[in-house]
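One structure below.
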Amino acid sequence: MAADIEELKCQLQESEKMLGEIRSQLDSAQRSNSLADTQLRCMTESYRSLETRAADLEIDVNQLKEKVRSLEDELEDEKRNHQESSARCHELEEHIQRSRDTSLVAVEDEEADNKTKQERELTAAAEKLAECQETIFVLGKQLKSLRPPPQRQSESYSEDELGTKNYADLADNWVNEVPRFMESPNFPSDSETSELMTSPSRVGSRLSRSGSSGNPTPEKASRGISRFFSTKSGY
1 MAADIEELKC QLQESEKMLG EIRSQLDSAQ RSNSLADTQL RCMTESYRSL
51 ETRAADLEID VNQLKEKVRS LEDELEDEKR NHQESSARCH ELEEHIQRSR
101 DTSLVAVEDE EADNKTKQER ELTAAAEKLA ECQETIFVLG KQLKSLRPPP
151 QRQSESYSED ELGTKNYADL ADNWVNEVPR FMESPNFPSD SETSELMTSP
201 SRVGSRLSRS GSSGNPTPEK ASRGISRFFS TKSGY
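Structure follows, in structure tokens:
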């Protein structure tokens with residue numbers, strides 16, 4: 001009986017010892033569980049913070065994407081505008097070049113026309129001058145042939161003979177003065193030359209004014225020229 005009690009005491013001591021160990025393990029487990037809970041709460045908070053940060057970053061990324069798309073659209077617009085401006089600039093350069101070439105061609109054509117016109121005018125003037133010289137030469141010969149013989153110079157002259165003599169003297173002055181007169185600033189224009197060719201009386205009047213003071217008066221020279229041509233027309 002006593003042996004059974006001792007055995008039971010031993011078992012009770014062992015059970016108490018095991019209970020103490022179990023309690024110690026339970027306390028340790030509880031402390032570990034509390035630490036784990038704390039870590040879990042920290043991790044949860046961190047996760048929530050990361051989620052919030054991720055959402056903010058996603059918003060920023062979306063905004064940046066919108067800005068990139070907007071910049072790309074602006075870049076495309078700028079490229080199109082640049083191409084249009086380049087094409088317009090090229091067209092304007094071609095237009096300016098064509099206008100410049102056209103102006104140069106027009107100026108060259110105008111210069112060529114002016115040169116041709118001047119050449120024609122010079123040729124016509126030379127022809128008229130040659131005709132005038134030929135007419136003057138012929139008239140001079142005809143007037144010299146109308147001079148009275150030497151033996152009649154001492155005789156008195158009638159009004160007609162005096163006019164013929166004065167006109168013959170005028171012809172000599174005319175033949176001598178015409179080359180210098182044509183080179184002077186008083187040389188007549190083309191229209192005046194035509195009038196002079198058709199009206200010799202005006203030639204005599206002009207030359208008599210430009211001659212020396214010893215020449216016949218314009219009235220007498222004109223009357224002598226008129227008589228000469230009226231006499232000539234009666235041949």
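At position 36 of the sequence shown the residue is numbered 36 (UniProt numbering), and the sequence of numbers has no breaks. Note that the Cβ used here is the ideal one computed from N, Cα and C, for glycine as well.
For residue 8, the number of other beta carbons within 10 angstroms of its own is below 16, and it is reported as exposed. Per DSSP, residue 40 is one residue of the alpha helix (DSSP H) stretching across 2-145. The C-alpha of residue 136 lies about 38 angstroms from the C-alpha of residue 110.
By the C-beta density criterion, residue 139 is buried, having at least 16 other C-beta atoms within 10 angstroms.
Counting only the Cα atoms, residue 30 lies some 19 angstroms from residue 43. It is roughly 12 angstroms from the alpha-carbon of residue 32 to the alpha-carbon of residue 40. Cβ neighbours of residue 119 within its own chain (closer than 6 angstroms, five residues either side excluded): none.
With at least 16 other beta carbons inside 10 angstroms of its own, residue 143 counts as buried.
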